[in-house]
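Number of protein chains: 2
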Amino acid sequence: MSEFDDATHVAPDGACEIYDGWDIGGNANGGYLLAIAANGLRQIAGRPDPVTISAHFLAPGKPGPTTVTGEVVKSGRRFATVSGALRSADRTIIQVLGTFGDQSGPRGDLMIGEPPPDLPPMAECSPRNAASAFPVGLMSKLDVRLRPSDTGFASGVKSGVAEMAGWFAFADGRPIDTLGLMLIADAFPPAVFNLDIPAGWVPTIELTVHVRARPAPGPVRCRFRTRYVHTGMLEEDGEVWDSDGVLVAQSRQLALLPLT
Amino acid sequence: MSEFDDATHVAPDGACEIYDGWDIGGNANGGYLLAIAANGLRQIAGRPDPVTISAHFLAPGKPGPTTVTGEVVKSGRRFATVSGALRSADRTIIQVLGTFGDQSGPRGDLMIGEPPPDLPPMAECSPRNAASAFPVGLMSKLDVRLRPSDTGFASGVKSGVAEMAGWFAFADGRPIDTLGLMLIADAFPPAVFNLDIPAGWVPTIELTVHVRARPAPGPVRCRFRTRYVHTGMLEEDGEVWDSDGVLVAQSRQLALLPLT
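Next comes the structure, spelled out in structure tokens:
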């Protein structure tokens, strides 16, 4: 068992626990919460992989006992759809709607409109904590390496481009599966940190992840970008590629930028 | 009352009806189904506008009596989140998770990473039905005008670019509100029709719409694009801009491409 498997374990009755140390500034990371929920809901679905899953973030996740609840809305030949939630004793932390299936099928590419990001080798990229203004507990569990040109935000030299790219692996070498992709979708610093605007906490309203394939072994390449910041909100789009150069996940979140 | 208001009416008890004529090849359009559900769920939420809403498509929508059911998961100061469904007598047509609020706030742009599509005037664009190989019932209700360079799919001269842009208005002149944006998110021909691949029915698995602002009066500009077609699936991303040039909605759907 790896740290991630321990921290996302869900018993058959839905009992689980938000582990300490998977946080940013004391609140459990949104991708980590989604991974716990997805692990519980895929059991309810009886299917191995999330295919498309949306989470609405309603309350901070604090370490301690939690529960995944859910019900199958439809179980078909290829997919099963489940509505559910991750709940603590007194409230819903995230509400989730997901469709699950088996994503081990053929990976053949028919059309790739944009290639993976061009990244220096992992050893030449910057560990996220080295580029952080405050301790990010989560980063002791992960090996997130940012593209050097995207790390200026930590020293106040912002690139002016709302993009954050880099490598992701688990610190303990755990293979990346489709559950790991849930975590990855929210594991990088916000792309808007590289814009010349006051940047602080960027709370996620909603996060959707599409799993396009099971990742091949090895670290994955990630790119997160924001195109539109207005009306006090922003979207962040992510892509994750495996070591074979196959797009394995896409993500999109809607988040608040309270200062605009 | 406009045709769209009639066709998306939901009584306080959730009773509603899928109207005939809002279909493509006999099945109700997915955006139309989402608009009905959003209208019911925003009443349950007690908030005027969808902010971010995800729908999983589980069964075809056929004309006749239906019901919107839902429950408030959290009601906060700014947003209310509702889990619900559009159901016929014997099954769930779409399962929906949405967060609702008031999107009449300031529209000021802080960062626009990509401008609206450059479109000829509406009168110089092509009505969708004129560019369709088969009758699209929905199009008698809508005034969808495609950018001429995107209409080659109808005559077999595909552009090779998975993009579909154009104008949208209601045929009866009804103003476009945030409910109308639900319909717009699925009202254009699939962008992959312009790729040199066998193109047929492209069933939506899941569609998420972010409403960024209430549209100003007048037709809206739309652009839909697909970047990745593989593993038998594709994503389609959409943007909708109002007559002031403000981005009012973004959409993303995951769909099947059965022939790959």
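Chains as they are written, first to last, in our numbering: chain S, 1 to 260; chain A, 1001 to 1260.
We treat Cβ as the ideally placed atom computed from N, Cα and C, and that holds for glycine.
- Sequence-ordered contacts of the segment 52-73 of chain S with chain A read Thr52, Ser54, His56, Leu58, Ala59, Val73 [C-beta pairs closer than 8 Å].
- Distance between A:Asp1143 and S:Cys125, taken at the CA atoms: about 50 Å.
- Contact note: A:Arg1077 does not reach chain S at a C-beta cutoff of 8 Å; the least C-beta distance is about 13 Å.
- Sixteen is the threshold: since fewer than 16 other Cβ atoms of the shown chains lie within 10 Å of the Cβ of A:Gly1025, the residue is exposed.
- Here the C-alpha atom of S:Ala7 lies approximately 10 Å from the C-alpha atom of S:Leu33.
- Rounded to whole angstroms, the separation of the alpha carbons of A:Leu1179 and A:Ala1165 is 20 Å.
- Taking A:His1210 as the centre and dropping the five residues before and after it, the same chain places the C-beta of Thr1052, Gln1250 closer than 6 Å to its C-beta, in chain order.
- If you look at S:Gly31, you'll find it isn't in any beta strand (DSSP E); it sits in the alpha helix (DSSP H) that goes 30-45.
- Interface flag for A:Val1136 against chain S is unset, since no Cβ pair is found closer than 8 Å.
- Taking a beta-carbon distance threshold of 8 Å, S:Leu110 counts as an interface residue toward chain A.
- Boundaries around A:Thr1069 are those of the beta strand (DSSP E), 1064-1075, since no alpha helix (DSSP H) includes it.
- Within the segment 188-213 of chain S, contact with chain A at the beta-carbon level (separation under 9 Å) is assigned to Val192, Leu195, Ile197, Ile205, Glu206, Thr208, His210, Arg212, Ala213.
- For S:Gly30, not one C-beta of chain A is nearer than 8 Å to its own C-beta.
- A:Gly1105 belongs to the set of residues whose beta carbon lies under 8 Å from a beta carbon in chain S.
- For A:Ala1249, the closest Cβ of chain S is not nearer than 8 Å.
- Within the segment 1068-1120 of chain A, the complete beta strand (DSSP E) segments of 3 residues or longer fall at 1080-1087, 1092-1101, 1109-1112, listed in chain order.
- For S:Pro116, the CB contacts under 7 Å within the same chain, skipping 5 residues up- and downstream, are Arg221, Trp241, Gly245 in chain order.
- Listed in chain order, the non-local C-beta contacts of S:Gly156 below 8 Å within the same chain number zero, local neighbours out to five positions each way being set aside.
- For S:Met182, the nearest beta carbon of chain A is not closer than 8 Å to its own beta carbon.
- With 16 or more other CB atoms across the displayed protein chains lying within 10 angstroms of its CB, A:Pro1219 is buried.
- Interface with chain S (8 Å Cβ-Cβ cutoff): A:Ala1089 is excluded.
- For the segment 112-130 of chain S, the beta-carbon criterion of a distance under 8 Å to any beta-carbon of chain A is satisfied by Ile112, Gly113, Glu114.
- Against chain S, the CB of A:Thr1178 has no partner CB under 8 Å away; the residue lies outside that interface.
- C-alpha of S:Arg252 to C-alpha of A:Ala1154: approximately 31 Å in a straight line.
- In this structure, DSSP gives A:Arg1128 a helical state, which the three-state scheme calls helix.
- Beyond the five residues adjoining it in sequence on each side, A:Gly1152 comes within less than 7 Å, by CB distance, of Lys1158, Ser1159, Asn1194 in the same chain, given in chain order.
- Against A:Met1233, the close residues of chain S are Arg212, in the order they occur along the chain (beta-carbon pairs closer than 7 Å).
- DSSP, read as helix, strand or coil, puts S:Ile176 in coil.
- When 7 Å is used as the limit between beta carbons, A:Ala1037 is near no residue of chain S, the shortest such separation being about 12 Å.
- Between the segment 1101-1114 of chain A and the segment 1060-1075 of chain A there are fewer than three C-beta pairs closer than 8 Å, too few to call the two in contact.
- Residue contact check for A:Arg1174 against chain S: no CB pair falls below 8 Å.
- Bounds of any alpha helix (DSSP H) do not take in S:Ala55; it lies within the beta strand (DSSP E) bounded by 49-57.
- In the structure shown, A:Met1001 falls within a coil segment according to DSSP collapsed to helix, strand and coil.
- In the DSSP secondary-structure assignment, S:Phe188 is not bridged to any residue.
- Here S:Gly152 carries a helix assignment [DSSP, helix/strand/coil].
- Residue environment for S:Ser83: buried (at least 16 other C-beta atoms within 10 angstroms of its C-beta).
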